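> Mind the numbering: the sequence shown is residues 30 to 493 in our numbering, read in order. Handing you this structure, nothing more for now.
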Amino acid sequence: MASEQSWKNKYQQVLKEAEQQEQRCKEQRDLLERMLVRTSVASEGQRPELDRLLNQLRADLRRKTLNTEKWLHLQDQIDRQIALLDEQAPAPFEKAPVEPCPAAETDDGIDIADQDHRLLIARRVGQLLSQVLAQVTLEPEAETKAKELQQTLLSSIDWSTLRESLESVSELLILAITRNQRELEAFLTRLNDRLETLREHFSYQTESNSSRKDDTEVLDQEIRHEIDLVSDDIRSSDDLDSLKRSVGQRLDQIGSALGRFKAKESQRERMMAEQLESMQQKMAAMEASSARMQEQIRRERARAMTDLLTQLPNREAWQERLHFEYSRWQRYGHPLTVSVVDIDLFKRINDTYGHKAGDRVLQLVARELQGRLRATDFIARIGGEEFALLLPETSMNEAVSVLNKLRGYVEKLPFHFGGNPVSITFSSGLAQFGQGDSEEQAFDRADRALYRAKATGRNRVVAN
Numbered sequence: 030m031a032s033e034q035s036w037k038n039k040y041q042q043v044l045k046e047a048e049q050q051e052q053r054c055k056e057q058r059d060l061l062e063r064m065l066v067r068t069s070v071a072s073e074g075q076r077p078e079l080d081r082l083l084n085q086l087r088a089d090l091r092r093k094t095l096n097t098e099k100w101l102h103l104q105d106q107i108d109r110q111i112a113l114l115d116e117q118a119p120a121p122f123e124k125a126p127v128e129p130c131p132a133a134e135t136d137d138g139i140d141i142a143d144q145d146h147r148l149l150i151a152r153r154v155g156q157l158l159s160q161v162l163a164q165v166t167l168e169p170e171a172e173t174k175a176k177e178l179q180q181t182l183l184s185s186i187d188w189s190t191l192r193e194s195l196e197s198v199s200e201l202l203i204l205a206i207t208r209n210q211r212e213l214e215a216f217l218t219r220l221n222d223r224l225e226t227l228r229e230h231f232s233y234q235t236e237s238n239s240s241r242k243d244d245t246e247v248l249d250q251e252i253r254h255e256i257d258l259v260s261d262d263i264r265s266s267d268d269l270d271s272l273k274r275s276v277g278q279r280l281d282q283i284g285s286a287l288g289r290f291k292a293k294e295s296q297r298e299r300m301m302a303e304q305l306e307s308m309q310q311k312m313a314a315m316e317a318s319s320a321r322m323q324e325q326i327r328r329e330r331a332r333a334m335t336d337l338l339t340q341l342p343n344r345e346a347w348q349e350r351l352h353f354e355y356s357r358w359q360r361y362g363h364p365l366t367v368s369v370v371d372i373d374l375f376k377r378i379n380d381t382y383g384h385k386a387g388d389r390v391l392q393l394v395a396r397e398l399q400g401r402l403r404a405t406d407f408i409a410r411i412g413g414e415e416f417a418l419l420l421p422e423t424s425m426n427e428a429v430s431v432l433n434k435l436r437g438y439v440e441k442l443p444f445h446f447g448g449n450p451v452s453i454t455f456s457s458g459l460a461q462f463g464q465g466d467s468e469e470q471a472f473d474r475a476d477r478a479l480y481r482a483k484a485t486g487r488n489r490v491v492a493n
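What follows is the structure in structure tokens.
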């Protein structure tokens, strides 16, 4: 009975893992669908026929249906419309002189008026593709292609190259969704095979118990019958020798019946032992497979919560930790301070030295900040050149001191580009959680403080 309960527990565990795998695949599919919807919305307004096709794409997504053959046909139609759009497009934006628009200038001096509409779409798709890469597992070849597409969309200014890259994004998304479906189907197939093994074992157990019960009843009937015959012989016999022979025959019959029952019982025990050994081997294989799957899920979750460039926790991990520290702050009331950090004039670094230099700056700054914080502190990259910090058990004054020290360390880092030393600085906004604050309110105050730090000269820490 205990063994049967153990199998039931393992059966329930396998079902739970299947549900977790299915939920993970659903989340990845939802992410891909959101990216398709955002990309299609961003691409509207170019041609009526293209808008119609994009509406059809979004309608399929709302219905939660994926017909690969239909989507490939739809992709061909969209490709033709983009080709027509390209044929009637004006000359590349960098050759068309545009008057600068001071009102559209951002904090880092970017003139929005000089940005071509199609280029902005490509940049946005590149950012969304970065989110997909952080949360979806692709085949190595597909992942390499996805990273190349991301770099192209984020850095190229050649429209023909960007158009080809945008066309490849839909193929990549279909490939990712199809791969997740295949993984889920393969997992469910393996799960079904193992559950069938359990079912067969339980069925055999039931049949074996039923067979033992039937054989026991037959043995009981045979013994009772022989005993009744002995009783009849004793009552009717007057000859002692004849009675002895009769009783001996009856006992022999009982012995034979017991022998047959024992032989069947031995056969059942051998078959049960073989079945049990087979089940143990299969259960061991199932447990090993389950352990591998749990480890894979653990790695996938760690990857989904990690920023690939800096290896810091990402925005999703930030939200999770923020919620945890906020709940702890509500429970115990100990000081909790949040900080938003932004690298100063980061766009200028990218424009002057290239994106690889910008990536290197992000990595070095992230490493310096993380290495200088306490184990109880938390830092995450929440987007672009922006980081967020949580400082538990830290008052506002203490946090200002910590951030100013970090600012000094970063400013002294030996950055060199093209043989020239370059000073890298950051600005920071701080807010301490107070009575009645929600998670968002404290963060928003820190974000507003960051904007004041930028507006008042950068390379400074402002508390709010």
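Think of the CB as a built atom: it goes at the ideal place given N, C-alpha and C, for glycine as much as any other residue. Computed from a predicted model, the values in this text were never measured in an experiment.
Are A395 and L341 close, meaning C-beta to C-beta below 7 Å?
Yes. Within cutoff.
> Can you tell me whether I141 is helix, strand or coil according to DSSP?
Residue placement at I141 cannot be trusted, given a pLDDT of 38 that sits under 50; the coordinates are not used to answer.
> Straight-line CA distance for S424 to P364?
5 Å
> Nearest CA to the CA of S275: which residue from L258, G465, A484?
Per the Cα distances, L258.
> Where do the ends of the alpha helix (DSSP H) carrying L435 lie?
If you look at L435, you'll find it in the alpha helix (DSSP H) that goes 425–440.
> Could you name the residues that DSSP lists as bridge partners for L419?
V367, F407
> Hey, how far is the Cα of K176 from the Cα of R344?
20 Å
> With distances taken between CB atoms, is the gap from F462 to A475 smaller than 7 Å?
no
> May I ask you to report which of helix, strand or coil DSSP gives I372?
I372 falls in the strand class under three-state DSSP.
> So if DSSP puts S456 in a beta bridge, which residue, or which two residues, is it bridged to?
D371
> Candidates I453, V247, L82, L287: which alpha carbon is nearest R489's?
I453
> Are the C-beta of A302 and some C-beta of chain B separated by less than 7 Å?
No chain B appears in this structure, which consists of one protein chain only.
> Anyone know if the C-beta pair for V370 and S457 falls short of 7 Å?
yes
> Between V429 and the rest of its own chain, which residues show a CB-CB distance below 7 Å, the 5 nearest in sequence each way excluded?
L459, V490, A492
> In angstroms with no decimal places, state the Cα-to-Cα distance between E414 and W358.
Cα to Cα, E414 sits roughly 28 Å from W358.
> I'd like to know whether the C-beta atoms of D406 and L420 end up nearer to each other than 7 Å.
yes
> Taking D249 as the reference, which of K273, R289, D268 has the closest Cα?
R289
> Give the single residue among D268, H384, D243 whose Cα lies nearest to the Cα of K293.
Answer by Cα proximity: D243.
> In this structure, what does DSSP give as the bridge partners for P450?
H445
> What would DSSP say about E128, mapped onto helix, strand or coil?
Because E128 carries a pLDDT of 38, less than 50, the predicted location of this residue cannot be relied on, and no value is offered for it.
> Using the Cα positions of K45 and R389, report the straight-line distance between them to the nearest angstrom.
The straight-line gap from Cα to Cα measures roughly 42 Å.
> Can you tell me the Cα-Cα spacing of Q42 and E48, whole angstroms?
About 10 Å.
> Buried or exposed: which applies to N426, given that a residue is buried once 16 or more other Cβ atoms fall within 10 Å of its Cβ?
Result: exposed.
> Would DSSP call Q340 helix, strand or coil?
coil
> Can you tell me whether M301 is buried or exposed, with buried defined as 16 or more other CB within 10 angstroms of its CB?
It counts as exposed.
> Return the first residue and the last residue of the alpha helix (DSSP H) that E414 is part of.
Note, E414: premise wrong, no alpha helix (DSSP H); not H, not E.
> Using a Cβ-Cβ cut-off of 7 Å (strictly less than) and excluding sequence neighbours within five positions of A478, which residues of its own chain qualify?
G458, L459, A460, V491, A492, N493
> So what does DSSP say about T11, is it helix, strand or coil?
Given a span of 30 to 493 for the chain in the structure shown, any question on residue 11 remains unanswerable.
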